[in-house]
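Visitor: Pasting a structure below so you can have a look.
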Ligand code: UT7
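Numbering (this note's numbering), first residue to last: 371 to 703.
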């Protein structure tokens with residue numbers, strides 16, 4: 371980082387809604403099978419938020435848990451950044467709703483929209499605020515209610531996604547902290563050439579909501595899955611290697627890889643490409659599906675709570691999503 375400051379993850383939290391939807395449940399909705407979904411994606415079930423549970427409700431729950439975990443008082447939060455592509459409303463930000471729900475009166479709040487890469491974009495933004503702008507505590511959240519933006523008649527997308535939230539508390543490392551604990555490196559990239567491959571075609575300023583757009587279901591997520599798949603493997607593999615090398619490490623130094631949980635076949639291909647065995651990856655997509663921006667912080671919280679990731683471990687996050695956006699971050703926990 372060069373500033374002498376270490377930006378550390380000092381607490382994590384997550385939230386999954388109560389209702390579970392299995393592949394068998396989906397067999398009743400669209401022309402699919404449990405076997406197809408599991409062999410093509412690795413997903414068996416996902417959580418679905420309640421009708422009265424918007425994204426900010428899940429973000430707030432994950433955020434509160436992260437603050438408790440970090441031992442940070444809610445008044446001490448300087449900034450809340452919420453990564454989401456399923457905001458409560460287009461205006462105002464989901465981060466503002468979340469602030470109100472948790473009572474973080476002293477924070478300034480905004481959203482980051484970088485699809486499945488949103489959490490790493492938010493982490494990088496928070497790091498900059500803490501390193502160069504004098505803020506001390508950031509609450510960085512990835513939260514999604516994908517179920518509200520999915521066409522439940524489109525088998526190409528509805529079997530993939532789930533709802534949930536994950537959060538981390540970032541603080542400026544104390545000088546007494548041993549070692550190099552904290553965010554070690556990150557690589558963040560975008561390529562706007564591919565905007566049409568993962569998008570909500572209507573409901574924005576380009577094509578405002580109309581009877582026609584509703585009839586054509588243009589407010590729901592559309593994805594060119596196969597092309598996205600190929601780009602994801604190539605871009606995530608390259609970003610992971612760049613982030614490890616930027617941190618001055620080799621692949622053997624990485625204790626755990628937490629990839630975006632989109633598809634087990636993508637994760638397997640990345641493992642082959644960067645030559646880190648699948649056994650060193652932490653995956654939970656079997657139980658939660660693709661929770662977009664919530665994917666990495668949700669998995670990180672789980673991995674810390676179940677002991678798969680321990681203090682001192684070097685963890686590699688690697689993500690890919692709509693935009694296209696992608697990136698990788700190495701952190702010493
Ligand atoms: O999170 C952001 C990033 N997103 C991703 O990384 C997702 C990347 N893409 C993928 O994970 C995969 O492309 C999918 C899981 C979405 C699709 O898997 P695929 O192996 O690429 O399948 P495909 O799209 O090439 O479709 C193969 C066949 C097609 O049938 P035909 O044309 O061969 O007869 C599809 O219609 O599978 C069919 N198909 C299904 N069949 C049963 C597509 N979805 C389903 C389904 N159940 N749910």
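The beta carbon of each residue, even a glycine, is placed where N, CA and C say it ideally should be. These figures come from a predicted structure and were not determined experimentally.
Smallest Cα separation from residue 693: which of 375, 532, 531 and 598?
Guide: Residue mapping note: residue 693 aligns to position 323 of the chain shown, counting from 1. Nearest of 375, 532, 531 and 598 to residue 693, Cα basis: 598.
Visitor: Taking 7 Å as the cut-off, is the CB of residue 490 close to at least one heavy atom of the ligand UT7?
Guide: By 1-based counting over the chain shown, the position of residue 490 is 120. Incorrect: residue 490 has no Cβ contact closer than 7 Å to the ligand UT7.
Visitor: Do the CB positions of residue 477 and residue 439 come within less than 8 Å of each other?
Guide: Here the question's residue 477 lines up with position 107 in the chain shown. Here the question's residue 439 lines up with position 69 in the chain shown. No, the pair does not count as a contact, with Cβ atoms beyond the cut-off.
Visitor: Counting only the same chain and skipping the five closest in sequence on each side, list residues whose C-beta sits under 6 Å from that of residue 372.
Guide: Residue 372 sits at position 2 when you count from the first residue of the chain shown. Interpretation of residue 372 is limited by its pLDDT of 47, a score under 50 that renders its predicted location unreliable; the figure taken from the coordinates is listed afterwards. Closer than 6 Å at the Cβ level, and outside the excluded window around residue 372, lies no residue.
Visitor: Following the continuous alpha helix (DSSP H) through residue 637, name the residue where it begins and the one where it ends.
Guide: Against the chain shown, residue 637 aligns to sequence position 267. Here the alpha helix (DSSP H) through residue 637 covers 634 to 644.
Visitor: Starting from residue 556, follow its DSSP beta bridges and name the residues at the other end.
Guide: Taking the chain shown and counting its residues from 1, one reaches residue 556 at position 186. Residue 556 is bridged to 699.
Visitor: Do you know how far the Cα of residue 574 is from the Cα of residue 493?
Guide: Indexing the chain shown from 1 puts residue 493 at position 123. Indexing the chain shown from 1 puts residue 574 at position 204. Cα-Cα distance, rounded: 26 Å.
Visitor: Mind checking which residues open and close the alpha helix (DSSP H) that includes residue 491?
Guide: By one-based count along the chain shown, residue 491 stands at place 121. That run of the alpha helix (DSSP H) goes 488 to 502.
Visitor: May I ask you to report which of helix, strand or coil DSSP gives residue 371?
Guide: Stepping through the chain shown from its first residue, residue 371 is reached at position 1. With a pLDDT of only 44 at residue 371, under the threshold of 50, the placement of this residue in the model should not be trusted, and no figure is reported.
Visitor: Is the Cβ-Cβ distance between residue 486 and residue 632 less than 8 Å?
Guide: As a working mapping, residue 486 is identified with position 116 in the chain shown. As a working mapping, residue 632 is identified with position 262 in the chain shown. Yes; because the gap between Cβ atoms is below 8 Å, this pair is in contact.
Visitor: Any heavy atom of the ligand UT7 closer than 7 Å to the Cβ of residue 691?
Guide: The sequence position of residue 691 within the chain shown is 321, counting from 1. At least one heavy atom of the ligand UT7 is nearer than 7 Å to the Cβ of residue 691, so yes.
Visitor: With a threshold of 7 Å, establish whether the CB of residue 636 neighbours any heavy atom of the ligand UT7.
Guide: What you label residue 636 is simply residue 266 of the chain shown in a count that begins at 1. Within the cutoff, so yes.
Visitor: Could you tell me which uninterrupted alpha helix (DSSP H) segments, each at least 4 residues in length, are contained entirely in the segment 392 to 446, listed from first to last along the chain?
Guide: List check, alpha helix (DSSP H) in window: 393 to 397, 404 to 411 and 425 to 440.
Visitor: Does any heavy atom of the ligand UT7 sit closer than 7 Å to the C-beta of residue 399?
Guide: In the chain shown, counting from the first residue as 1, residue 399 sits at position 29. No, the beta carbon of residue 399 sits no closer than 7 Å to any heavy atom of the ligand UT7.
Visitor: Hey, is the segment 442 to 457 in contact with the segment 502 to 513, meaning 3+ C-beta pairs nearer than 8 Å?
Guide: Yes, since at least three Cβ pairs between the segment 442 to 457 and the segment 502 to 513 fall closer than 8 Å, the two stretches touch.
Visitor: Does the distance between the C-beta of residue 687 and the nearest non-hydrogen atom of the ligand UT7 fall short of 7 Å?
Guide: On the chain shown, position 317 is the one that residue 687 refers to. Because no heavy atom of the ligand UT7 lies under 7 Å away, the Cβ of residue 687 does not count as near it: no.
Visitor: Along the chain, where does the beta strand (DSSP E) that runs through residue 450 open and close?
Guide: Taking the chain shown and counting its residues from 1, one reaches residue 450 at position 80. Where residue 450 is concerned, the enclosing beta strand (DSSP E) stretches over 449 to 453.
Visitor: With the cut-off set at 8 Å, would you say residue 430 and residue 534 are in Cβ contact?
Guide: Sequence index remark: in the chain shown, residue 430 carries index 60 (1-based). Sequence index remark: in the chain shown, residue 534 carries index 164 (1-based). Not in contact: residue 430 and residue 534 (Cβ atoms no closer than 8 Å).
Visitor: To which residues of the same chain is residue 386 closer than 6 Å at the C-beta, ignoring the five residues directly before and after it?
Guide: Counting from one through the chain shown, the residue named residue 386 turns up at place 16. Hits under 6 Å: 417 and 534.
Visitor: Grouping DSSP H, G and I as helix and E and B as strand, with all else coil, what is residue 541?
Guide: Along the chain shown, read from residue 1 onward, the residue named residue 541 stands at position 171. Residue 541: strand per DSSP, three-state reduction.
Visitor: Based on DSSP bridge pairs, tell me the residues matched to residue 629.
Guide: Residue numbering aside, residue 629 sits at position 259 when the chain shown is read from its first letter. Residue 629 pairs with 688.
Visitor: Please tell me whether, using a cut-off of 7 Å, the distance from the CB of residue 666 to the nearest non-hydrogen atom of the ligand UT7 is below it.
Guide: As a position in the chain shown, residue 666 is number 296, starting the count at 1. No.
Visitor: In or out: residue 458 buried (at least 16 other Cβ within 10 Å) or exposed?
Guide: If you number the chain shown from 1, residue 458 lands on position 88. Classification for residue 458: buried.
Visitor: In the DSSP assignment, what residue or residues form a beta bridge with residue 519?
Guide: In the chain shown, residue 519 corresponds to position 149, counting from 1. In the DSSP output, where bridge partners are listed per residue, residue 519 has none listed.
Visitor: So, does the segment 588 to 605 touch the segment 376 to 391, judging by three or more C-beta pairs under 8 Å?
Guide: Segments in contact, no.
Visitor: Whole angstroms is fine: what's the gap from residue 400's alpha carbon to residue 619's?
Guide: The residue labelled residue 400 in the question sits at position 30 within the chain shown. The residue labelled residue 619 in the question sits at position 249 within the chain shown. Computed Cα separation, rounded: 46 Å.
Visitor: For residue 530 versus residue 613, is the C-beta spacing smaller than 8 Å?
Guide: To locate residue 530, count along the chain shown from 1; it is residue 160. To locate residue 613, count along the chain shown from 1; it is residue 243. Contact: no.
Visitor: Which residues in the same chain as residue 432 place their Cβ atom closer than 7 Å to its Cβ, once the five residues preceding and following it in sequence are excluded?
Guide: Within the chain shown, the letter at position 62 stands for residue 432. Excluding positions up to five away in sequence, the list reads 383, 384, 385, 511, 513, 535, 536 and 537.
Visitor: For the ligand FAD, is there any heavy atom lying closer than 7 Å to the beta carbon of residue 454?
Guide: Judged by which ligands are present, the ligand FAD is missing from the structure shown, whose ligands are the ligand UT7.
Visitor: So who's on the other strand from residue 568, going by DSSP bridges?
Guide: Your numbering for residue 568 matches position 198 in the chain shown. Note: residue 568 sits in a beta bridge opposite 593.
Visitor: So if DSSP puts residue 512 in a beta bridge, which residue, or which two residues, is it bridged to?
Guide: By 1-based counting over the chain shown, the position of residue 512 is 142. Residue 512 pairs with 453 and 536.
Visitor: Rounded to the nearest angstrom, what separates residue 678 and residue 624 at their Cα positions?
Guide: As a position in the chain shown, residue 678 is number 308, starting the count at 1. As a position in the chain shown, residue 624 is number 254, starting the count at 1. Looking at the two C-alpha atoms, the distance is approximately 13 Å.
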